[in-house]
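Note sheet for the following structure.
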Amino acid sequence: MENLEPSSFVFIGNHFITDFVNTRKNKKGIRTELLHSMVDVLQWLEHAGKRRYVSGELDELPPHRQTEMFERILAFRNLLEQTFAGLHREKLIPAAFIKHINKELVGYSGYYQFETEVIPFSIARHYTISQLPALFLEETVLFLTTMKSDNLKKCENPECILYFYDTSRNQQRRWCSMETCGNRVKVNQHYHRKKQENINLNSLNN
């Protein structure tokens with residue numbers, strides 16, 4: 001599988017986890033997967049600013065382990081997408097999801113490190129390449145336990161499947177991007193409104 005260009009990835013979610021869910025999108029009405037291998041996952045992490053927290057390289061893992069890890073990460077992404085959909089509708093985190101993520105966390109571990117590049121010093125969670133799924137699991141827990149459920153939104157374009165965490169001042173954001181979806185929907189609404197007005201006008205004239 002050919003590596004994706006960085007421009008294929010979408011970073012409009014205002015959080016690592018919403019951007020992770022957005023590693024699939026609709027393209028001309030067709031659901032399009034952006035992650036096809038662990039190489040893609042690491043490339044995405046690089047652009048998401050998280051690769052530096054993962055030590056080691058893929059070739060340290062045997063091919064079957066890479067495949068297994070990729071399948072687990074993608075399966076978790078898909079489960080997280082379903083959880084977002086339910087959370088968006090009902091504002092509740094499903095108990096089954098909490099049970100699942102707690103069970104998964106038992107099998108992985110990370111470790112804290114001093115971050116000394118900027119003063120004052122801080123700490124950050126790090127992971128070996130073999131423990132990479134822990135990054136997604138732990139970030140999900142942190143997000144879901146600190147977010148406001150009303151601020152987790154799905155783009156209002158019916159053809160779009162992207163999510164974002166609304167951090168705008170009045171929490172009035174409606175689109176993943178005004179340029180790609182907001183303007184498109186408004187143009188479409190204007191077209192149909194004008195079309196209906198013409199139909200009504202023709203009816204009156206007849």
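Going by UniProt numbering, the residue at position 175 of the sequence shown is 175; the numbering climbs one at a time, nothing skipped. Yeah, the Cβ is synthetic: ideal placement off N, Cα and C, and Gly gets one too. Quantities reported herein were computed from a predicted structural model and do not represent experimental measurements.
- [ ] Thinking F164 and I17 are a contact (beta carbons under 8 Å), I'd like their distance in whole angstroms, please.
- [x] In the sequence shown, residue 164 corresponds to position 164, counting from 1. In the sequence shown, residue 17 corresponds to position 17, counting from 1. Going by Cβ atoms, the distance from F164 to I17 rounds to 11 Å, so no, they are not a contact pair.
Open item on the list: By the DSSP assignment, the beta strand (DSSP E) with Q113 in it spans what residues?
Closed with: Here residue 113 corresponds to residue number 113 of the sequence shown, with the count starting at 1. Here the beta strand (DSSP E) through Q113 covers Y111 to E115.
Open item on the list: When you compare the stretch 29-41 with the stretch 89-105, are there three or more beta-carbon pairs, one atom per stretch, that lie closer than 8 Å?
Closed with: No: the two stretches stay apart, fewer than three of their Cβ pairs being nearer than 8 Å.
Open item on the list: In the DSSP output, what is V54 paired with across the bridge?
Closed with: If you number the sequence shown from 1, residue 54 lands on position 54. DSSP output for V54 lists Y127 as bridge partner(s).
Open item on the list: Let's test the definition: count the other Cβ atoms within 10 Å of the Cβ of F9 and tell me whether it reaches 16, buried, or not, exposed.
Closed with: Taking the sequence shown and counting its residues from 1, the one referred to as residue 9 is at position 9. It is buried - the Cβ of F9 has at least 16 other Cβ atoms within 10 Å.
TODO: Leaving out five residues on either side along the sequence, give the residues of the same chain with a beta carbon under 8 Å from the beta carbon of residue 207.
DONE: In the structure as shown, the chain begins at 1 and stops at 206. Residue 207 is therefore absent and cannot be evaluated.
Open item on the list: Between S55 and I129, how many whole angstroms is the CB-CB distance? I'm expecting something under 8 Å.
Closed with: Taking the sequence shown and counting its residues from 1, the one referred to as residue 55 is at position 55. Taking the sequence shown and counting its residues from 1, the one referred to as residue 129 is at position 129. So it is a contact: roughly 7 Å between Cβ atoms.
- [ ] Assuming L162 and N22 form a contact by the criterion Cβ under 8 Å, report the distance between their Cβ atoms to the nearest whole angstrom.
- [x] Here residue 162 is taken as the residue at index 162 of the sequence shown, counted from 1. Here residue 22 is taken as the residue at index 22 of the sequence shown, counted from 1. Indeed they touch by this definition, with Cβ atoms about 5 Å apart.
Task: Top-ranked residue by Cα proximity to H64, from R52, L45, D150 and M38 - done: As a first step, residue 64 must be located in the sequence shown, where it is residue number 64. Taking only the C-alpha atoms, the option nearest H64 is M38.
TODO: Measure from the alpha carbon of E159 to the alpha carbon of each residue in Q172, K27 and F11, then state which is nearest.
DONE: Here residue 159 refers to the residue found at position 159 when the sequence shown is read from its first residue. Residue K27 is the option with its Cα nearest to E159.
TODO: With a threshold of 16 other CB atoms inside 10 Å of the CB of K194, please say whether the residue is buried or exposed.
DONE: For the purposes of this step, residue 194 is identified with residue 194 of the sequence shown, where counting begins at 1. Any answer about K194 is weak, because its pLDDT of 48 lies below 50 and its placement is not dependable; what the coordinates show is given next. Flag for K194 reads exposed.
- [ ] Go ahead and pull the three-state DSSP assignment for M178.
- [x] Counting from one through the sequence shown, the residue named residue 178 turns up at place 178. Of the three classes helix, strand and coil, the one that applies to M178 here is helix, per DSSP.
Open item on the list: Mapping the DSSP letters down to three states, classify K99 as helix, strand or coil.
Closed with: Walking along the sequence shown from the start, residue 99 turns up at place 99. Residue state, collapsed to three classes: helix.
- [ ] Classify V187 as buried or exposed, calling it buried when 16 or more other Cβ atoms lie within 10 Å of its own Cβ.
- [x] Here residue 187 corresponds to residue number 187 of the sequence shown, with the count starting at 1. In this predicted model, V187 has a pLDDT of only 48, less than 50, meaning its place in the structure is not dependable enough to derive any value.
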